[in-house]
Every structure is written in structure tokens, then in C-alpha cells.
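In mature numbering (1 follows the signal peptide of the UniProt record, and there is no 0), the protein residues as written are -34 to -1, 1 to 731.
Where a beta carbon is used, it is the ideal one built from N, C-alpha and C, also for glycine.
Keep in mind that this is a model prediction, so the values were computed, not measured.
Just below is one structure, and these are the notes that go with it.
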């Protein structure tokens, strides 16, 4: 048996308010008042900061090469103007009137870039630069040297790929292999010529450095084979020998299949979404592993490269994207941000070594040909840049650095070690998955974060593995990452681990209770016991009642997949206009169920149990399961027994639920995912999807016709419903045939190619 005490910062955070239907947000995105919590003062840690860097694509001015390949005065705008709708019937992104179809050589345009960068909370720019033995498309950079605009910090990103017709989905004006400009890396003489060209920028006072060294991104280092590392070694030496430069770090971009350290010395690595994670699912980017000691994270705004594929039909579009979803994801148990705040949380909890920068690369400021822009668009205005600013401001103030957690964990140690400290709740957490940190939408970390957000900090927790694969390192790692001495991880003994008949949640729970005085002495002295599972979360007010009331069982208000299914059954005859709207019209309390005997579904995760009495009467969950079929029924029987029945108290005066299970509507909202309020026929059941999974599971060719997309875009991005026409059609005698619907049980039923290019069977319009 092993017991590991850990430390964790007592995080107290405030949720940013969102307004998408006042009732909806009041119901599911309650705001934590920071006045009730300790501030983390995260900005006070010297040597730590997040510096967002936005990529800039320069093809917004004519160049001789493009004149030759595509026609006189060709720029990115030529194809952007041609592409009005993507293959799903949605408008392609077009610049707003204030942006227009600009020329990047214009001084005012570049000055506006600087304003946008600063207003968005972005530190600087990474310019894609192109080198084919000579610089190509470098006039905006040269103009910046001359007039100083954009007057923001910058670095270079060498886009070291050959130019091919694949960029535009065309097959003309090229060599047989489709190459327009070959990328030949040459020898040291060629390397020196390239270095000398870059050195002019390296010496610029606004060029971005880390630990005194200039930073250079290389977009696709794997294409360079053995040449790359040797070229980089020369560049480092030349930079170190030049006192006006003072040193150089190569930031190698990581592609899904690539591992730069295998090829030799690696200064730093970076992510370039979507390539680094191999996915367009923004909710999964914070799961990418750290590749090197210095590793920089990356996010993407959106994606629709229809302008790049006007002729071949191979465009890829992310349909279910929204500025609010881009911003919103987990922090404690409240709203935060899908790819942004969650990614910033990951950076702050797993930072680069002190003294090194933590860059967050954003793809992109102006990739109009890929529908991937922070610039204001006709469709979204400046919503995406404002969303980034909001996320950045929140993360800066409210998310702790790893050292904050360590420090605050140390401050808690005395209370934990003091045997006289009062403890209100002892939480026993069973983890059935054993997943590594940052690998699932809902996991142990979310449960632990919700505990640390409790107004009542007088709690302790013991985490144990349950299932055939116990003792997996992912569970202990998530506990260790908290740095919180109130949280204990313990393996289970060998006899429980290897006996499939006894390796159940009830057996493990009974073992923890029996050994609590050893595992966590202060937990064993708690007034109440709470048995729960990893991924279940608790609202910040939940433990308040434990300090005010003394009884045998306190039932909590909970929302689970089972309670939501009951609600769906009760409302199975909903008309189309009630879909999604029904959630905004219910209070959180109306969405939940009270944990009380003889009332619907019972939930062990929603009961505070008199710990001393449970132990003194020698109750066992295993025996209860054998007797009643479900161990939680034991609590109801204790209330109903004739001799010394247990008193049962339901919280009064609460307007909200206390317990939120994974896979429910509020949990879905908080994960940056989308709730599909389906009609329940034809396999179209309600559920929680990432935007990518929703797009891949049920593919639609005409989104505005088959979905109520306007509601998603303009009213509520958290919940989607079918269009009225489609909703009516699915209730016909043969709904699948009437819609031409091809249903897939999961996105994995399609090949990778089908999923990416959308060539599978789809809904007929």
C-alpha cells in the first residue's frame, strides 16, 4: 500500500460573465465572487509570463512570382473574393468594411495591425518568411524596417516548404510534380546567405528574444532531414559570434508525426494548430504532450480553406466554431475557455523553465484564404479578437502558476498536519479510467479543481483507482499536480487489485473507509463522508451546509445523464421551438433532482453521510450492493428503518444544483462543447459533442437548411437544434430516407480522408 501526500494551491477564481440569453447564462454560468476568495497574484512571479504571438501571412501584395504563376496582381484576395459559400452552404469569411481588401504594403494597414495586436492582448507577431535562395514576398518586412509599422515585437517564422499547386488545388503552371518553387537547402554558403538576410531583423530592437537570444521559428523542420540540425548549428554559432545578435534559439514546429529531438539538439519546440495535434477539435489542443524542455503551445482561431480549393473540392471547414466557444472552457467548476483559457491554464501549470519565455502561438492574424483570422470579419466583426482579450485578461489575473500552487500548498500543510483541525467533509474519489492529465474532456483533475474552489475549505480527499487497470500512473500524476496536502492518493492492496470479483467500487470504498485513519487521519475525523467518482464536480457552495448543519445524511441537488434522460422522457413531445430554448427557461434547481429517499434516481455522489456513525455501525457498501442491487439504496433504507432511523436533510434555500456529472448539459457548456438537443427519433438523441464530432457524426451538406444555424451563431452557441423543416421531416414514416440521412455511430466509422474532406454520404437538401 502506498499513500502520497501532495500540495496544491488553494485557487479562488472569478468566472467571466457571458450574455447569450440572460436566463441561460444565469442558469448555468454563475459568477464566483472573488471577494470571498484569496487572490493568486499570479503576475508577481518574476520570470514567468505568457506571451501570445500571432502568425502573419504576407500574401496581400503583388509579387513577380505570383504574377507569373497565377496572373498579374494576384494576391490572397483574388480567391477570397471568389469564394462566397463553402461546401456546407455557409458564407466564407470576408473582411469587414473597416478592414477591406487591403494591400499590406500600405502604412495605415500595418499600423492597424499594431493596434489590433495591442487591443487583443497579444504580445507580438510571427511573420512567415519565404526563402528560395533569395527572399520571396518580403516587402512588408522591408517596409516595417523603413517606417516602423507594425510597431510591436516580432519574430520570423521560416515557412520552409516548397511552393506547389496543392496550395490552390490547381494543376497548371507547374512542374510534373506540382512544384512551383523548389526548396533547396544547399550548403554552408547558402546557409550563410540566408542567415545574413535574417540578421538584419535579428538586430532590430523589437525583435523577440528569450533569455537574451533571438527566436526563430522553423515551420516544417522534418522536411530538412539531416540538413536541418547542421544548418541550425551553424546559425547558432554565427549568432553567438555577433555581439549585436547575442545568440539564437531555433523553435522547431511539431507536426503530429514528428519528434524533433530525435534528429539532434533542439532548443525549443512549438505547436502549430491544427497540424501539431492532428485535429481540428479545439477542445483537445490542451492535451498535446510536452515535446521538449522548452515547449510553446499553439491555438487556432477557425478554419475554412474554401478559397484555396475552388476547383478541386477538397476544402476543409470547421462548421461549429464561435467566439464564445473559442473562449470558454474549464476553470474550477465554472466557465472559462475552450482552447484559450484551458490552454493558458496548461501553460501556467506546466511552464517552461524560469527565465525562458512561454509563447502561445496563434494561427492566425490574417489567414483569410484559410478562414482563420483574428482581424474583424463581415460575419463575426471583432468578436474573436475580443474573445482572446477576455481570455487573456482572465488567465492573467485568476489562473495560478505552478509556483503559486506550491506556495499555497505549503501554507496549507500546517492545518493538514494539525490533528485538532476541524474537517467538515472527507471525500472519497474513485477513478475508473486512470487517464493521464489533460487527456479527457472530464477527468479527475476537474473533480479536484472543483473541491479547491469550495467556499468551505475544511475538506480532505482520498483518491483511489478502481477497475481492472488499477495503479495507473495517470491518477497519481493528477493528484501530484495539485500540490495540495489535503489530497491523498493511495493504491489499493494486491488482493483487491488482482481479484476481479472484489475489485469493484464498493469493495474499494469499504477498504478506504476501514483504513482511513492511516491513509488520511484528518479525513477520518471529518463530520461527513462523501463518496464520488472522478469527473463529477461540485459547485463552490456545496460544502457550506456541512459547516452549518448536523444530521445523519444531507441530500444534495444533482444533475446527471440519468436525470436528463428522465427530463427528455417527460418532454418527449416537445415542439421544435422548445428545443434548446427549454434549457434557458429552467432554473438550475429545476434542471436538477434532490437526493432524497423514495424520490427518483439516487446518487451516492450527492449525499453527505455522517462519517462517525457510518463507521461505528460498521456499514459496508459491498453488503448493501448484494442486498439491494445498488449500494446507494442503503442510505434510503437507513432513513426508513424502524430502530434509530437516520435523519435525512435536504438543503433549503438553494437556487442551484450542487453536483454536476460529466456528460450533462451544464458540464457540456463548461467544457467548450456543444449540446445537441435532438428529437430522440431516428438515432438523433440529445448529447454533448465537440464541434468536430458533431460535424463528423452527422454530416450535412446544407447547414443553414438542415440546422438552425442562425440561432447557434446569434443567440446561443452552447446548444444546437435541427431546423424546423428537418425537425418535421424526422417524424415522417421513414425519416432517414426522407432526409437522405446517413447515420454513423461515431466519427471513427469514417476513414480519416472521408472525415477531413467531407466526401462521405451526407444529408440531402
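Can you check whether the CB of residue 454 is closer than 8 Å to the CB of residue 486?
The answer is yes: Cβ separation under 8 Å.
With 16 as the cutoff for other CB atoms within 10 Å, does residue 315 come out buried or exposed?
Residue 315 comes out buried.
Below 6 Å CB to CB, which residues in the same chain sit around residue 129 once its five sequence neighbours on both sides are set aside?
Here the set comprises 146 and 147.
Any chance you could list the alpha helix (DSSP H) runs of at least 4 consecutive residues sitting entirely within the stretch 174 to 233, in chain order?
Listed in chain order, the complete alpha helix (DSSP H) runs (minimum 4 residues) inside the stretch 174 to 233 are 191 to 207.
Determine the direct distance from the alpha carbon of residue 39 to that of residue 541, and round the result to whole angstroms.
C-alpha separation (whole angstroms): 54 Å.
Taking just the CA atoms, how far does residue 183 sit from residue 108?
Computed Cα separation, rounded: 19 Å.
Take residue 580 and list the residues in its own chain whose beta-carbon comes closer than 7 Å to its own, dropping the five residues that flank it on each side.
These residues qualify, in order along the chain: 495.
Would DSSP call residue 718 helix, strand or coil?
For residue 718, the pLDDT reaches just 33, beneath the cut-off of 50, and the residue's location in the model is therefore unreliable, although a value from the coordinates is still provided. In this structure, residue 718 counts as helix in the three-state DSSP scheme.
Run the CB neighbour count on residue 210, radius 10 Å, all protein chains shown included, and call it buried at 16 or more, exposed below.
The residue in question, residue 210, is exposed, as its Cβ has fewer than 16 Cβ neighbours within 10 Å.
Spell out whether any CB of chain B is found under 8 Å from the CB atom of residue 288.
The structure shown contains no chain B, having only a single protein chain.
What residue from 366, 225, 207 and 598 has the CA that sits closest to residue 310's CA?
The shortest C-alpha separation from residue 310 is found at 366.
Give me whichever residues DSSP pairs with residue 392 in a beta bridge.
Paired residue(s): 426 and 495.
For residue 372, which beta-bridge partners are listed by DSSP?
None, per the DSSP bridge assignment.
Which residue from 196, 290, 89 and 26 puts its Cα closest to that of residue 681?
Among 196, 290, 89 and 26, the Cα nearest to that of residue 681 is on 290.
How far does the beta strand (DSSP E) with residue 123 in it reach, from first residue to last?
Residues 120 to 124.
Is the Cβ-Cβ distance between residue 631 and residue 505 less than 8 Å?
No, these two residues do not count as a Cβ contact at 8 Å.
Suppose you measure from the CA of residue -8 to the CA of residue 292; what does that come to, to the nearest Å?
Unreliable placement is indicated for residue -8, whose pLDDT of 36 sits below 50; the coordinate value is still reported in the next sentence. So the alpha carbons of these two residues sit roughly 21 Å apart.
Would you please state the rounded distance, in angstroms, between the beta carbons of residue 351 and residue 117? I believe it to be under 8 Å.
Wrong, their Cβ atoms sit about 18 Å apart, outside the cutoff.
Considering only residues of the same chain and omitting the five flanking positions on each side of residue 169, which have a CB-CB separation below 7 Å?
For residue 169, where only same-chain residues beyond five positions count, the Cβ hits under 7 Å are 210 and 211.
Check whether the Cβ atoms of residue 238 and residue 92 lie closer than 8 Å to each other.
No, the Cβ-Cβ distance between residue 238 and residue 92 is not below 8 Å.
Between the C-alpha atoms of residue 535 and residue 598, what's the straight-line distance to the nearest angstrom?
For residue 535 and residue 598, the distance between alpha carbons rounds to 24 Å.
Between the beta-carbon of residue 67 and the beta-carbon of residue 48, is there less than 8 Å?
Taking 8 Å as the Cβ cut-off, residue 67 and residue 48 do not qualify as a contacting pair.
I'd like the list of long-range same chain contacts for residue 378, defined as Cβ closer than 6 Å, with 5 residues on each side in sequence excluded.
Hits under 6 Å: 451.
Less than 7 Å between the CB of residue 535 and some heavy atom of the ligand PLP, yes or no?
As presented, the structure is devoid of all ligands, the ligand PLP included, so that no description of it is given.
The alpha helix (DSSP H) spanning residue 357 covers which residue range?
Where residue 357 is concerned, the enclosing alpha helix (DSSP H) stretches over 349 to 364.
So residue 462 and residue 473 are in contact, right, with Cβ under 8 Å, and what is the actual spacing, rounded?
So it is a contact: roughly 6 Å between Cβ atoms.
Kindly indicate the opening and closing residues of the beta strand (DSSP E) around residue 443.
Careful: residue 443 lies outside any beta strand (DSSP E), inside the alpha helix (DSSP H) at 439 to 446.
Taking residue 698 as the reference, give the member of 30, 164, 478 and 645 with the closest Cα.
The shortest Cα separation from residue 698 among 30, 164, 478 and 645 belongs to 645.
Please state whether DSSP places residue 315 in a helix, a strand or coil.
Three-state DSSP puts residue 315 in a helix.
Does DSSP put residue -12 in a helix, in a strand, or in coil?
A caution first: residue -12 carries a pLDDT of 32, below 50, which makes its placement in the model too unreliable to give a value.
Under 8 Å between the Cβ atoms of residue 152 and residue 131?
No, they are not a contact pair.
Entirely within the stretch 605 to 691 and at least 3 residues each: give me those beta strand (DSSP E) ranges in chain order.
You should have 640 to 642 and 653 to 655.
Give me the Cα-Cα distance between residue 349 and residue 562, rounded to the nearest whole angstrom.
Approximately 45 Å between the Cα atoms of the pair.
Should residue 63 be labelled buried (16 or more other beta-carbon atoms within 10 Å of its own) or exposed?
Exposed, by the Cβ-count rule.
Of all the options 635, 391, 24 and 548, which has the alpha carbon lying nearest to the alpha carbon of residue 575?
Cα-wise, what sits closest to residue 575 is 391.
Could you check if residue 413 is buried or exposed, using at least 16 other CB atoms within 10 Å of its CB as the buried criterion?
Buried: at least 16 other Cβ atoms inside 10 Å.
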